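Since the structure comes first, as structure tokens, the remarks are kept for the end.
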Amino acid sequence: MAGVLPRGDRLPSLTGLRFLLAGVVLAGHVLTLGRFFEDQGVYEAADASSMASAAAVSSFFLLSGFVLAWNASPADTAVRFWRRRLVKIFPNHVVTWSLMLGLLMATGTAALLPVPDPGLGEAVRNLLLVHAWVPDMADFSSVNPVTWSISCEAFFYLLFPLLIRPVRALPERLLRPVIALVAVLVVTMPLVATAVTDEAAPGSWSPLSTERWWLIYFFPPVRLLEFVLGLVLARAVRLGRWPTLRPRWPLLALAGVFAARTELPEEYLWGAATCLPMAALIPAIATRDIEGRESLLGRRGLVVLGEASFALYMVHFPLLYEIRVLLDRRTFDTVTAALLSLAVSAFCVAVSLLLWRGVEVPMMRHFARPRGRSAPTAGPAPGDRTAPLRQQDPAP
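Reminder that position 49 of the sequence shown reads as 127 in the working numbering, one-by-one numbering, no gaps.
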């Protein structure tokens, strides 16, 4: 077991990791929703893409908890925290919600998912980020479907000021047992969902019933477990109560999970199977930054892309939707479709950088903190070894 680790200021490699995770979601959606390939065998061979996208979203929840706990200042207040989070996520959400709703109204075309176009109720619930609480695909996949995870994040942010206090108060000797307990709960949730929900109807487009899929994947209190796991991991790393691992070992474990995916129950392919390897990988990557070791993920280019990863996550679906409409849902030979997929992905990244620089950055600069008042300094409180040296504002 490592001793108390030196306190790193920022964790740039985790910011770079956010871009890779957003890229996984983007690639999965370009492949499975863009459907540019006329060869249907491509989709059969790429059945791991949904599992990879689910793993990326699970990792976002872990990262959100880890980074927020890492940067939490005892001098901060709940209202200030909520203000920063609101300014961080809501402007991009309003822009992409408006864009997607406008596209749906202008084209009169059904979305890329098997759900009806949203009515007023679904659109308003999506705008208010409460739609993930409704066990109906017409709600949790409405308007800009990826925002279900932001609905979960909004719930996490609401609870964060309450959660961080007991996490800080945890005795060091209890950190590992609590981490183990939360990890057990994460991998148990699919069993609970299986016990309390019905099987999918024969001939259904999905192997899971809507109720079971929602409970496993979309329901905010269930996904809160990953966020809490990130919170406790951050404190354990800060206090040196987490073993120092090289990233290769969690990555090997993750590869093993993907290799065994055909043997796993469907319920475990939506985050539970990959959560624990990712929960080990995030501290391993963070430790390299803390120790001042160079990392490919910490290179400036990847860090900039990581800063824009929330914008990429939010804007890629509306762009992909419009491209499919413009192409009239045509399909192409394998080479053309592959090149088109790369071009669409690059276009989404470019637009996300514009959204980040044009909306997210100015909004954070002007409205994240009260005017004329300094933000609380994230310095250590007396006897508090968990306080960071400077604030870092994570994307959801």
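C-beta: ideal position from N, C-alpha, C; glycine also.
Predicted, not measured: the structure shown is a model, and the values here were computed from it.
I need the DSSP call for residue i, collapsed to helix, strand or coil.
i, result
"R96", "helix"
"F114", "coil"
"F234", "helix"
"F297", "coil"
"T272", "helix"
"E372", "coil"
"V212", "coil"
"R339", "helix"
"G349", "coil"
"S284", "coil"
"N149", "helix"
"S219", "coil"
"M266", "According to the sequence shown, residue 266 is Thr rather than Met. DSSP places T266 in helix when its eight states are reduced to three."
"L330", "helix"
"D367", "helix"
"W320", "coil"
"P249", "coil"
"A415", "helix"
"T155", "coil"
"A453", "For A453, the predicted model reports a pLDDT of 47, less than 50, meaning its position is unreliable and no value from the coordinates is stated."
"A278", "coil"
"L405", "coil"
"R88", "coil"
"L207", "coil"
"A357", "helix"
"P396", "helix"
"A428", "helix"
"P244", "helix"
"R377", "coil"
"P162", "According to the sequence shown, residue 162 is Arg rather than Pro. Correct three-state label for R162: helix."
"A487", "The requested residue 487 is not part of the displayed model; the chain covers only 79 to 474."
"P239", "helix"
"G197", "coil"
"P255", "helix"
"A386", "coil"
"A124", "coil"
"P325", "coil"
"G308", "helix"
Provide the residue(s) that pair with residue i in DSSP beta bridges, ordered along the chain.
i, result
"F410", "F115"
Pull up the CB-CB distance for residue i and residue j, whole angstroms please, since I reckon it's below 8 Å.
i, j, result
"A258", "A357", "At roughly 11 Å, the Cβ-Cβ gap does not stay under 8 Å, so A258 and A357 are not in contact."
"E400", "L179", "13 Å between Cβ atoms; not a contact."
"F296", "F218", "5 Å"
"C230", "P285", "The pair is not a contact, with the Cβ atoms about 23 Å apart (cut-off 8 Å)."
"V264", "E200", "That pair is no contact at about 29 Å."
"P244", "W292", "With 8 Å as the limit, P244 and W292 do not qualify as a contact, their Cβ atoms being about 28 Å apart."
"L397", "V429", "6 Å"
"V335", "V256", "Actually they do not touch by this definition, with Cβ atoms about 23 Å apart."
"S127", "G94", "Incorrect: roughly 22 Å between the Cβ atoms, too far for contact."
"F234", "S142", "6 Å"
Suppose contacts are defined by Cβ-Cβ distances below 8 Å. Is residue i in contact with residue j by that definition?
i, j, result
"R402", "G112", "yes"
"A153", "R313", "no"
"M392", "V165", "no"
"F144", "I360", "yes"
"S137", "L99", "yes"
"F115", "V224", "no"
"V108", "T412", "no"
"A389", "N204", "no"
"T272", "E289", "no"
"G349", "A133", "yes"
"L347", "R339", "yes"
"R316", "E250", "no"
"A386", "L431", "yes"
"P268", "E345", "yes"
"V103", "V135", "yes"
"W226", "A210", "yes"
"V140", "L307", "The question names Val, but residue 140 in the sequence shown is Leu. In contact: L140 and L307 (Cβ atoms closer than 8 Å)."
"F410", "L418", "yes"
"L332", "P355", "yes"
"S220", "P196", "yes"
"A232", "L207", "yes"
"P35", "V300", "Examination of residue 35 is not possible in this model, given that the chain is present from 79 through 474 alone."
query = Would you call the region 235-247 and the region 155-164 in contact, with 3 or more CB pairs under 8 Å?
reply = yes
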